[in-house]
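Written below as structure tokens is the structure these notes are about.
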Amino acid sequence: MAIEIPENVVVSRLDSLASWCRKNSLWPMPFATACCGIELMATGASKHDLARFGAEVMRFSPRQCDLMIVAGRVVMKMLPVLQRIWQQMHEPKWCISMGACASTGGVFDTYSVVQGIDRFIPVDMYVPGCPPRPEQLIQAIIDLQDKIQAEGTIGGREFAMRSRQQPKRALVELNVLSLPRGVSNLPQGVRVE
Amino acid sequence: MIKPETITALGERFPAVRFSEFRDQHRAAVPAAELAEVFAFVKETRGFDLLVDVTCVDYLNYRNAEDRFGLVYLLANTTTNERLTLRVYVNEPNLSVPSATPFWKGANWLEREVYDMFGIEFAGHPDLRRILLPDEFTAHPLRKDYPLQGRGERHNFPVLTREEG
Chain A
1 MAIEIPENVV VSRLDSLASW CRKNSLWPMP FATACCGIEL MATGASKHDL ARFGAEVMRF
61 SPRQCDLMIV AGRVVMKMLP VLQRIWQQMH EPKWCISMGA CASTGGVFDT YSVVQGIDRF
121 IPVDMYVPGC PPRPEQLIQA IIDLQDKIQA EGTIGGREFA MRSRQQPKRA LVELNVLSLP
181 RGVSNLPQGV RVE
Chain B
194 MIKPETITAL GERFPAVRFS EFRDQHRAAV PAAELAEVFA FVKETRGFDL LVDVTCVDYL
254 NYRNAEDRFG LVYLLANTTT NERLTLRVYV NEPNLSVPSA TPFWKGANWL EREVYDMFGI
314 EFAGHPDLRR ILLPDEFTAH PLRKDYPLQG RGERHNFPVL TREEG
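Chain order of the listed sequences is A and B.
With my numbering, the residue at position 79 of the first sequence is 79, and numbering never jumps.
With positions in the second sequence counted from 1, the corresponding number in my numbering is that position plus 193.
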């Protein structure tokens, strides 16, 4: 027995429908701390026009956003702020780590710069570059859209997968070789606290 | 450019001050014990009314260095356009110098930065707290015996997983 379906009715899964709605209206939260933020602004501006991909509504309140774009280096004083903003965002939410500094610390291998935000918050997409071109960020958003469409569920079951609970490491940290001691009449290594 | 009579007056008033010159830039190395009096003298008598910068150099492992820390005070006289650099050398364990805040209000944040990065104590400072690093930071990272990559402070944070977030 065949069910009569009119021509203007499309049958789909609810998960697929929810993901289709979500992926085409991503609301980014711009967490711009450095020069990547300038490229992020250029991405949203008229020349590159992020609105073509439904992600132009930049909101500076995390409670209205579902896509955090971390653009720029994050120092250890800023990281608790970043984590707090991430926790204030509503599910479902995604995170793009934009640029070398946000992904790995970049050239700033110093005491104060976090060596990749993926050590402390979940990251869905990495964008290489220093800073990345707007086209690269647009490509990352398109890839994220594909990812949401491919694995998204209406209840957010994909976020509870065990494999997504592990902190990722984009970079293995190397120790800088200790520099040779210079000639000095000072006592070596005094006052280490 | 500094007037010769300023150098002369400072040298007569404080015989322990040593002067040096490099490309018309004059520096005066002041003993830490006389620093507050030198501040008062150059400000009140010689009219150095602008404190341009306060910073510090760590001479650990520096060739021919005799002292560990060298404080640098850059002063200017906005009336006569004179400029003068004061140097003060301090060593462990007495890393305390008198604060310049009674003479120049702008020294407040500059000295807080030096305290933050080098651990130099400024006696008489009204609010000697860290200015750049978090309050719970324990080291002074611009010292030469502090490792470039830190002692793990940058990794000392809770990890948020997907479910917790």
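Every residue, glycine too, gets a C-beta built ideally from N, C-alpha and C.
Just mark residue i as buried or exposed, buried being the case when its beta carbon has 16 or more other beta carbons within 10 Å.
i	result
A:G106	buried
A:N185	Here the model assigns A:N185 a pLDDT of 42, short of 50, so the residue's position is not dependable, and the following value carries that caveat. Answer is exposed; the Cβ neighbour count stays below 16.
A:I5	exposed
A:E39	buried
B:R322	exposed
A:S163	exposed
A:V183	Unreliable positioning characterises A:V183 in this predicted model, as indicated by a pLDDT of 40, which lies under 50. A coordinate reading is not provided.
A:P122	buried
A:C95	buried
B:H333	buried
B:P291	buried
A:I3	exposed
A:S97	buried
B:F315	buried
A:R157	exposed
B:P286	exposed
A:M161	exposed
B:G345	exposed
A:A140	buried
A:V190	With a pLDDT of 38 at A:V190, under the threshold of 50, the predicted position of this residue should be treated as unreliable, though the coordinate-derived value follows. When all chains shown are included, A:V190 counts as exposed.
B:N257	exposed
A:R13	exposed
A:S19	buried
A:E60	Residue identity check: residue 60 of chain A is Phe in the sequence provided, not Glu. The residue is exposed, with fewer than 16 neighbouring Cβ atoms inside 10 Å.
B:T331	exposed
B:M194	exposed
Just the Cα atoms here: how many angstroms apart are residue i and residue j?
i	j	result
B:V223	B:L335	23 Å
A:T33	A:M41	12 Å
B:C249	B:G263	6 Å
B:H348	A:V114	7 Å
B:R211	B:G204	8 Å
B:D246	B:L267	5 Å
A:E151	A:T110	37 Å
A:D66	B:F232	56 Å
A:W27	A:G155	19 Å
B:R261	B:I324	23 Å
B:R216	B:T354	59 Å
A:V11	A:W86	35 Å
B:E275	B:T294	21 Å
B:Y282	A:F108	31 Å
B:R239	B:T199	7 Å
B:Y255	B:K337	10 Å
A:P30	A:P62	9 Å
A:T153	A:P132	30 Å
B:L351	A:M125	A quick correction: the sequence has Pro, not Leu, at residue 351 of chain B. Straight-line Cα distance between these residues: approximately 21 Å.
A:C36	B:L243	37 Å
A:Q64	A:M89	7 Å
A:A51	A:R84	28 Å
A:E135	A:M58	18 Å
B:F241	B:Y339	35 Å
B:K298	A:G129	44 Å
B:L303	A:S46	43 Å
B:R280	B:A202	17 Å
B:F234	B:F296	10 Å
Mapping DSSP to helix, strand and coil, what is residue i?
i	result
B:E275	coil
A:M29	strand
B:E346	helix
B:R220	strand
A:I85	helix
A:I3	coil
B:E357	coil
A:F159	helix
A:E91	coil
A:I96	strand
B:S213	strand
Measure how close the beta-carbons of residue i and residue j come, nearest whole angstrom, since I'm counting them as under 8 Å.
i	j	result
A:A100	A:V74	With 8 Å as the limit, A:A100 and A:V74 do not qualify as a contact, their Cβ atoms being about 12 Å apart.
A:Q165	B:E356	6 Å
B:F207	B:E227	6 Å
B:L341	B:G312	Actually they do not touch by this definition, with Cβ atoms about 17 Å apart.
A:I138	A:H48	7 Å
A:I117	A:L82	7 Å
B:P327	A:K77	5 Å
A:G54	A:N8	About 23 Å; that fails the 8 Å criterion.
B:H219	B:T271	That belief does not hold up - the Cβ atoms of B:H219 and B:T271 are roughly 17 Å apart, past 8 Å.
A:F159	A:P92	7 Å
The ligand SAM and residue i: does any heavy atom of the ligand fall closer than 7 Å to the residue's C-beta?
i	result
B:N301	Ligands in the displayed structure: none, and consequently the ligand SAM is not present.
_Going residue by residue through the stretch 297-335 of chain B, where are the continuous beta strand (DSSP E) segments of at least 3 residues, counting only ones entirely within it?_
314-316
*Runs of alpha helix (DSSP H) wholly within the stretch 110-139 of chain A (minimum 4 residues, chain order)*: none
*asked:* Which complete beta strand (DSSP E) runs does the stretch 222-294 of chain B hold, if anything under 3 residues is left out?
replied: 243-251, 262-269, 276-283 and 289-291
*In chain order, which continuous runs of the beta strand (DSSP E) of length 3 or greater are located wholly inside the stretch 10-76 of chain A?*
28-32 and 67-71
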